[in-house]
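Right, one structure below, let's go through it.
2 protein chains.
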Amino acid sequence: MPAVNDMDRPIVRPSGLAEEVYRRIRADILSLRLPPDSRVSVDSLVRELGVSQTPIREALSMLEANGLVSKRHFAGYATSPRMDRAQLDELFEFRLLIEPHAARKAAEGMADSDMGRLASGESAPSHDAFADMDTEFHRLIAQGAGNHLIADSLARLHIHVHIFRSCFRSEITEEAVHEHNAIIAALRARDGARAEAAMRRHIERSYGRLRDFIKD
Amino acid sequence: MPAVNDMDRPIVRPSGLAEEVYRRIRADILSLRLPPDSRVSVDSLVRELGVSQTPIREALSMLEANGLVSKRHFAGYATSPRMDRAQLDELFEFRLLIEPHAARKAAEGMADSDMGRLASGESAPSHDAFADMDTEFHRLIAQGAGNHLIADSLARLHIHVHIFRSCFRSEITEEAVHEHNAIIAALRARDGARAEAAMRRHIERSYGRLRDFIKD
DNA sequence: AGATCAAATATCCTATAGGATTGTCGGACC
DNA sequence: GGTCCGACAATCCTATAGGATATTTGATCT
């Protein structure tokens, strides 16, 4: 008989088709398989995913509440348009409010096990892999701050950063890796003030790199 | 014939039943007609509101994405439980990050017309009326900061503050009115630093008043 | 060519019925 | 008395059909 113990894996509770569909559509939006400002019809998803309308509608409603799609009455759903300059400004103003504080708190209270999972992304083989590692990097720090509201808000925002970056096929910059390493060093040293400053610098530089892509 | 011109009212675009149902359920949660941690079944809403399942499911999905209800597979929806001490701490930590900054920016850029609508709530006849005026007060300032992300995040948080306060029938304190008036004065004077400090003080005092209700 | 109007299409919204799954309650058994 | 088991109820999920409304398209007219 197998040696694995059933106790070490918590019971799997199927969370419903709506959740699955939600994740699927979200992944499609993030991978640009559904580009910004493109139609998303319920019927086509029914045919493509082979599930009924109900879970698709629920998934689209959740995506709408999270700002990834928008609905127009009797006209169907559409993915949100790409961020313009004003929205980019607002997003980074918000990140500057939250993430430096999160970095400070993470330096003070983050678990050592989570800290070991921090990766700067210098070993990323592709653009997509780097984007995923960047998302995970910021997610771990936000989670390390020990405030669910901070982690959730940042997750929402990072989705849009991810889409924006993917639209412009932005290069994997050495700069970003260096800035990540600076943050990691400050966190490992449990130096809250330095982590906060490093994170602020990272976001400001990141904003400068992304801002160049739009002039309007 | 009527003297009103049809041009001055923008075309009414019915936004769908799901939106209406969403607002209705949200209002019921805010008014404690649906207390925290109570079941909310789709069928009973069908009977009560007289609409089909589809818009109700969509409304509940949106409410779930906004954290007001939670779903368990094959077990129905339920309103989120009341905040505990840890969540209250997290919420006010978050507000302290956002709202003082919003007050500073509002002092610098808020429209005079919006500023005229600021009310401290000293004339509120009831507890519910004060709660609504308080929500509107903070909403106007967040909107005055000119950042939609700030306004939306604060709106989400204020819902939970509202519910928490309603649960304990907290008194209308003179203190809160005074603090509101201090903020209004700083905003009218276009003094960003003073508005920021007044807002920070208001939130800290507000936290102290609410914290006393829970010991666990 | 450009604008105007009507038909066609696509989509949302409703309504109803039935199968599948979970939680609960009461009784049988040790 | 405590524990196990089966029926019941509640709920979610699916499926299908049809009506209502906005968008699009194409033809007609100036």
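The listed protein sequences derive, respectively, from chains A and B. Using the working numbering, the first residue of the first sequence is number 174, and each one after it goes up by one. Using the working numbering, the first residue of the second sequence is number 174, and each one after it goes up by one. Even for Gly, the Cβ is constructed at its ideal location relative to N, Cα and C. Computed from a prediction, not measured in an experiment: that's the story for all the values here.
| message | My output table needs one value for B:Val-334: the three-state DSSP class, helix, strand or coil. | response | As a first step, residue 334 of chain B must be located in the second sequence, where it is residue number 161. Helix.
| Quick one: does B:Ser-326 have its CB under 9 Å from some CB of chain A? | Looking up residue 326 of chain B in the second sequence gives position 153. Output row for B:Ser-326: interface = yes.
| task | Specify the secondary structure class of B:Ala-251 as computed by DSSP and reduced to three states. | result | Position 78 of the second sequence, counting from 1, holds the residue named residue 251 of chain B. In the three-state reduction of the DSSP assignment, B:Ala-251 falls in the strand class, which pools E and B.
| task | Could you check which residue in A:Pro-209, A:Tyr-380 and A:Ala-280 has the C-alpha nearest to that of A:Leu-241? | result | Numbered from its first residue, the first sequence carries residue 241 of chain A at position 68. The shortest C-alpha separation from A:Leu-241 is found at A:Pro-209.
| query | For the segment 272 to 288 of chain B, which residues have a CB atom closer than 8 Å to at least one CB atom of chain A, in sequence order? | reply | His-274
| query | So, is A:Val-350 buried or exposed, given that buried needs 16 or more other C-beta atoms within 10 angstroms? | reply | The residue labelled residue 350 of chain A in the question sits at position 177 within the first sequence. Counting the other Cβ atoms within 10 Å of the Cβ of A:Val-350 gives 16 or more, which makes it buried.
| query | Taking just the CA atoms, how far does B:Ala-279 sit from B:Ile-336? | reply | Indexing the second sequence from 1 puts residue 336 of chain B at position 163. Indexing the second sequence from 1 puts residue 279 of chain B at position 106. Answer to the nearest angstrom: the Cα atoms are 26 Å apart.
| Is the distance from the Cβ of B:Leu-291 to the Cβ of B:Leu-360 below 9 Å? | Stepping through the second sequence from its first residue, residue 291 of chain B is reached at position 118. Stepping through the second sequence from its first residue, residue 360 of chain B is reached at position 187. Against a cut-off of 9 Å, the Cβ pair of B:Leu-360 and B:Leu-291 comes out as a contact.
| query | Which residue or residues does DSSP assign as beta-bridge partners of B:Ser-243? | reply | Position 70 of the second sequence, counting from 1, holds the residue named residue 243 of chain B. According to DSSP, B:Ser-243 bridges with B:Ala-251.
| Going by beta carbon distance, what residues of the same chain come within less than 7 Å of B:Ile-314, once the five residues before and after it are set aside? | Counted from its first residue, the second sequence places residue 314 of chain B at position 141. Ala-275, Ala-276 and Ala-279, listed in sequence order.
| Skipping 5 residues on each side, what residues in its chain have a beta carbon closer than 6 Å to that of A:Met-372? | By one-based count along the first sequence, residue 372 of chain A stands at place 199. So the list reads Glu-272, Pro-273, Ala-276 and Ile-356, once near-sequence residues are dropped.
| query | Using a Cβ-Cβ distance under 9 Å, would A:Asp-323 count as near chain B? | reply | Translated into the one-based positions of the first sequence, residue 323 of chain A becomes position 150. The residue asked about is misnamed: residue 323 of chain A is Ile in this sequence, not Asp. Judged by the 9 Å Cβ criterion, A:Ile-323 is in contact with chain B.
| query | A:Thr-252 versus chain B: which residues are under 9 Å apart at the beta carbon? | reply | Translated into positions along the first sequence, residue 252 of chain A becomes position 79. Going along chain B, no residue has its Cβ under 9 Å from A:Thr-252, so there is no contact; the nearest lies around 16 Å.
| request: Could you please tell me which residues of the segment 236 to 248 of chain B, in chain order, have their CB closer than 9 Å to any CB of chain A? | output: Leu-236, Glu-237, Ala-238, Asn-239, Gly-240, Lys-244, Arg-245, His-246 and Phe-247
| message | If the cut-off is 7 Å on Cβ atoms, which residues from the segment 260 to 271 of chain A count as contacting chain B, listed in chain order? | response | Glu-263, Leu-264, Glu-266, Phe-267, Leu-270 and Ile-271
| Cβ separation of A:Phe-303 and A:His-353, assumed to be a contact under 8 Å, to the nearest whole Å | Counting from 1 along the first sequence, the entry for residue 303 of chain A is found at position 130. Counting from 1 along the first sequence, the entry for residue 353 of chain A is found at position 180. With 8 Å as the limit, A:Phe-303 and A:His-353 do not qualify as a contact, their Cβ atoms being about 10 Å apart.
| Under 9 Å between C-beta atoms of A:Phe-267 and B:Asn-320 | Stepping through the first sequence from its first residue, residue 267 of chain A is reached at position 94. Stepping through the second sequence from its first residue, residue 320 of chain B is reached at position 147. Yes, the Cβ-Cβ distance between A:Phe-267 and B:Asn-320 is below 9 Å.
| field | 8 Å contact criterion, which A:Ile-376 and A:Phe-265 should meet: CB distance rounded | value | Locating residue 376 of chain A in the first sequence gives position 203, where the first residue counts as 1. Locating residue 265 of chain A in the first sequence gives position 92, where the first residue counts as 1. Going by Cβ atoms, the distance from A:Ile-376 to A:Phe-265 rounds to 6 Å, so yes, they are a contact pair.
| query | In chain A, which residues lie with their C-beta within 7 Å of the C-beta of B:Thr-227? | reply | For the purposes of this step, residue 227 of chain B is taken as the residue at position 54 of the second sequence. Ordered by position in chain A, the residues that pass the 7 Å Cβ test against B:Thr-227 are Arg-230.
| message | For a test of the three-state rule: what should DSSP assign to A:Val-213, helix, strand or coil? | response | By 1-based counting over the first sequence, the position of residue 213 of chain A is 40. Of the three classes helix, strand and coil, the one that applies to A:Val-213 here is strand, per DSSP.
| said: On the criterion of 16 or more Cβ atoms from any shown chain inside 10 Å, does A:Arg-338 qualify as buried, or is it exposed? | reply: The count along the first sequence starts at 1 and reaches residue 338 of chain A at position 165. Its Cβ being crowded by 16 or more others within 10 Å, A:Arg-338 is buried.
| Span separating the alpha-carbon of A:Ile-332 from that of B:Ile-198 | Taking the first sequence and counting its residues from 1, one reaches residue 332 of chain A at position 159. Taking the second sequence and counting its residues from 1, one reaches residue 198 of chain B at position 25. Whole-angstrom Cα-Cα distance: 28 Å.
| query | In angstroms, rounded to a whole number, what distance separates the CA positions of A:Ser-243 and A:Leu-233? | reply | For the purposes of this step, residue 243 of chain A is identified with residue 70 of the first sequence, where counting begins at 1. For the purposes of this step, residue 233 of chain A is identified with residue 60 of the first sequence, where counting begins at 1. Each residue's alpha carbon lies about 9 Å from the other.
| Residue ranges of each alpha helix (DSSP H) run of no fewer than 4 residues wholly in the segment 342 to 368 of chain A, ordered along the chain? | 347 to 361
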